[in-house]
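Here the structure comes first, spelled out in structure tokens, and everything after it is commentary.
Numbering (this note's numbering), first residue to last: 40 to 277.
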């Protein structure tokens, strides 16, 4: 049996990819990815830079891996297929559209099944929007709670937020809470945060490591006014 490599990829800036990640992506037999087009574009850009001598990596073998779609809706269908490949001595890399796989992305079930079957799993660390946002936030980083995406409906959001608030009797002792949110639900989620926690100081990161990166630090009410019509990918911290 070969190895399942969990490979972190850039969350915005392509130069954030590690040399080790490049070596793995161009040496494995298969790459399981959320979006084969997006991963294909990333590989093409890297290969072009190598061919133009913009990237010099010793002993790099530009092997072309076969890309396999692996996203939430097809996870149960693809999982047995990937396990078979690994048991047939094929190396497989798992990537997300950006950042570290498994963090609010598919892959947990695959890793768990590999561990169960004694298949080697290796992590190739790198970019993570959670850690990047936390280090930029100005909020206490030594203890944090990452919740992923907030629920889509108001009632479920309020219930979750109240549960998180109630879990810590002394609010000054609670860990920094971290959420992902999409642009079309940002305003509603911020209003719910204000309803549960009050008009507290928060940090919102947008388009991390990209040209239009923006870090908002201020009251929830100001964030609602400032970011309601903004586009991009958001990380909310409070």
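Note that the Cβ used here is the ideal one computed from N, Cα and C, for glycine as well.
Can you grab the Cα-Cα spacing for the pair residue 123 / residue 65, in whole Å?
Roughly 21 Å between the two C-alpha positions.
Can you tell me which of the three DSSP states residue 103 falls into?
The answer is coil: DSSP assigns residue 103 none of H, G, I, E or B.
Taking C-beta to C-beta, are residue 159 and residue 248 nearer than 8 Å?
It is not a contact, given that the beta carbons lie outside the stated cut-off.
Are the CB atoms of residue 235 and residue 197 within a distance shorter than 8 Å?
Cβ atoms of residue 197 and residue 235: closer than 8 Å.
Spell out the partners DSSP gives residue 72 in its beta bridges.
108, 134, per the DSSP bridge assignment.
Is DSSP giving residue 217 helix, strand or coil here?
In this structure, residue 217 counts as strand in the three-state DSSP scheme.
Please go through the segment 127-196 and give each complete alpha helix (DSSP H) segment of 4 or more residues, from N-terminal end onward.
Complete alpha helix (DSSP H) runs here, min 4: 147-156, 168-176.
So residue 70 and residue 106 are supposed to be a Cβ contact under 8 Å. How far apart are they, rounded?
Confirmed, Cβ separation roughly 5 Å.
Whole angstroms is fine: what's the gap from residue 257's alpha carbon to residue 175's?
Distance between the alpha carbons of residue 257 and residue 175: 14 Å.
Using a Cβ-Cβ cutoff of less than 6 Å, which residues in the same chain neighbour residue 246 once the five nearest sequence positions on both sides are dropped?
Here the set comprises 252, 271.
Please state if the CB of residue 167 and the CB of residue 222 are separated by a distance shorter than 8 Å.
In this structure, residue 167 does not lie closer than 8 Å to residue 222 by Cβ.
How about residue 144 and residue 220: are their beta carbons less than 8 Å apart?
In this structure, residue 220 does not lie closer than 8 Å to residue 144 by Cβ.
What's the gap between the Cα of residue 99 and the Cα of residue 58?
Each residue's Cα considered, the two are about 10 Å apart.
Exposed or buried, what is residue 192 when buried is set at 16 or more other beta-carbons lying within 10 Å of its beta-carbon?
It is exposed - the Cβ of residue 192 has fewer than 16 other Cβ atoms within 10 Å.
Does the Cβ-Cβ distance between residue 243 and residue 216 come in under 8 Å?
Against a cut-off of 8 Å, the Cβ pair of residue 216 and residue 243 comes out as no contact.
What residues match up with residue 243 in a beta bridge as DSSP calls it?
Paired residue(s): 255, 275.
Compare the C-alpha of residue 186 against each of 202, 194, 179, 255 and name the closest.
Here the closest residue by C-alpha is 202.
Please report how far the alpha carbon of residue 93 lies from the alpha carbon of residue 53, in whole angstroms.
Rounded to the nearest angstrom, the two C-alpha atoms are 13 Å apart.
Within 10 angstroms of the Cβ of residue 225, are there 16 or more other Cβ atoms? Answer buried if so, exposed if not.
Result: buried.
Assuming contact is defined by CB atoms lying nearer than 8 Å, are residue 44 and residue 132 in contact in what I supplied?
Closer than 8 Å, so yes.
Which of helix, strand or coil does DSSP assign to residue 46?
The answer is strand: DSSP assigns residue 46 an E or B state.
For the putative contact between residue 228 and residue 189, defined by C-beta atoms under 8 Å, what is the C-beta separation to the nearest angstrom?
Residue 228 to residue 189, Cβ: 5 Å. Contact.
Could you tell me which of 78, 261, 237 sits nearest to residue 140, measuring between CA atoms?
Taking only the C-alpha atoms, the option nearest residue 140 is 78.
With H, G and I counted as helix, E and B as strand and the rest as coil, what does DSSP make of residue 41?
Correct three-state label for residue 41: coil.
Please work out which residues of its chain come closer than 8 Å, Cβ to Cβ, to residue 63, disregarding the five sequence neighbours upstream and downstream, and give them in chain order.
If we look at residue 63 and ignore the five residues flanking it on each side, its Cβ neighbours are 44, 46, 132, 163.
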